[in-house]
């Protein structure tokens with residue numbers, strides 16, 4: 007997630023550069039042993055409102071560097087990877103989350119973005135995210151079955167700490183769509199509405215959808231009805 011009030015991260019080109027600099031396949035293969043699937047939305051592909059036409063940001067360091075140049079943050083060395091700017095990446099003290107944050111920090115460093123990973127115990131970490139006291143952070147969503155959650159996450163009236171729009175995201179079209187989605191009764195029409203919401207949000211990139219972690223269940227072969 008990005009703080010869209012931050013002088014650096016409010017630049018859409020910077021956010022897209024970060025998205026292109028993250029090698030999700032490498033993290034999924036190394037950290038999750040393949041037990042995760044790349045994401046393009048906070049909704050899972052199994053969700054009725056998921057837009058299967060979404061196309062995410064592929065791993066493309068060269069494109070990331072071009073976008074950073076265009077955003078006004080050129081490589082100071084001219085031949086990379088010099089430090090273009092530095093940001094702080096907040097996460098929890100869970101070892102797995104620190105490992106992931108450090109992998110992402112290393113990848114961003116390859117395109118010239120200096121990242122300092124700051125782990126905090128949960129109360130402090132979550133409190134800072136709710137207050138907007140961050141530049142970049144990572145969290146996970148769960149049990150997102152109803153797409154009306156986009157109202158809470160993306161509507162400009164829901165800025166944290168009173169709402170869940172922690173990134174301070176504001177887009178007039180999305181405001182209108184998520185408001186319409188919660189009063190529209192026909193599912194097919196709602197699906198169209200939320201497909202558009204997902205596309206606009208993916209384009210604007212207030213957060214980078216990373217992956218869906220798989221849940222693994224082990225049980226004895228002679229058990230039935232599992």
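Residue numbers (our numbering): 7 to 232. Heads up, the beta-carbon is just placed ideally off N, CA and C, and yes, glycines get one too.
Residue i and residue j: beta carbons closer than 7 Å?
i	j	result
residue 34	residue 147	no
residue 60	residue 208	yes
residue 19	residue 107	no
residue 68	residue 200	no
residue 113	residue 31	no
Could you give the distance in angstroms between the alpha-carbon of residue i and the alpha-carbon of residue j?
i	j	result
residue 45	residue 215	5 Å
residue 120	residue 27	12 Å
residue 11	residue 141	9 Å
residue 104	residue 191	42 Å
residue 186	residue 137	28 Å
residue 64	residue 25	8 Å
residue 14	residue 93	9 Å
residue 3	residue 172	An answer regarding residue 3 cannot be provided, because it is not within the stretch 7 to 232 covered by the chain.
residue 50	residue 110	22 Å
residue 133	residue 231	42 Å
residue 125	residue 102	11 Å
residue 212	residue 79	20 Å
residue 228	residue 222	18 Å
Using 10 angstroms around the beta-carbon of residue i, count the other beta-carbons present and answer buried if the total reaches 16, otherwise exposed.
i	result
residue 143	buried
residue 118	buried
residue 238	This structure gives no information on residue 238, because the portion of the chain shown stretches from 7 to 232.
residue 153	buried
residue 40	exposed
residue 99	exposed
Can you name the residues that DSSP bridges to residue i?
i	result
residue 217	44
residue 124	96
residue 165	171
residue 33	In the DSSP output, where bridge partners are listed per residue, residue 33 has none listed.
residue 157	The partner list for residue 157 (beta bridge, DSSP) is empty, contrary to what the question assumes.
Would you identify the three-state DSSP class for residue i, choosing helix, strand or coil?
i	result
residue 119	strand
residue 143	strand
residue 79	coil
residue 91	strand
residue 65	coil
Strictly under 7 Å for the Cβ-Cβ distance: is residue i near chain B by that measure?
i	result
residue 52	Protein chain content of the structure displayed is limited to a single chain, and chain B is not contained in it.
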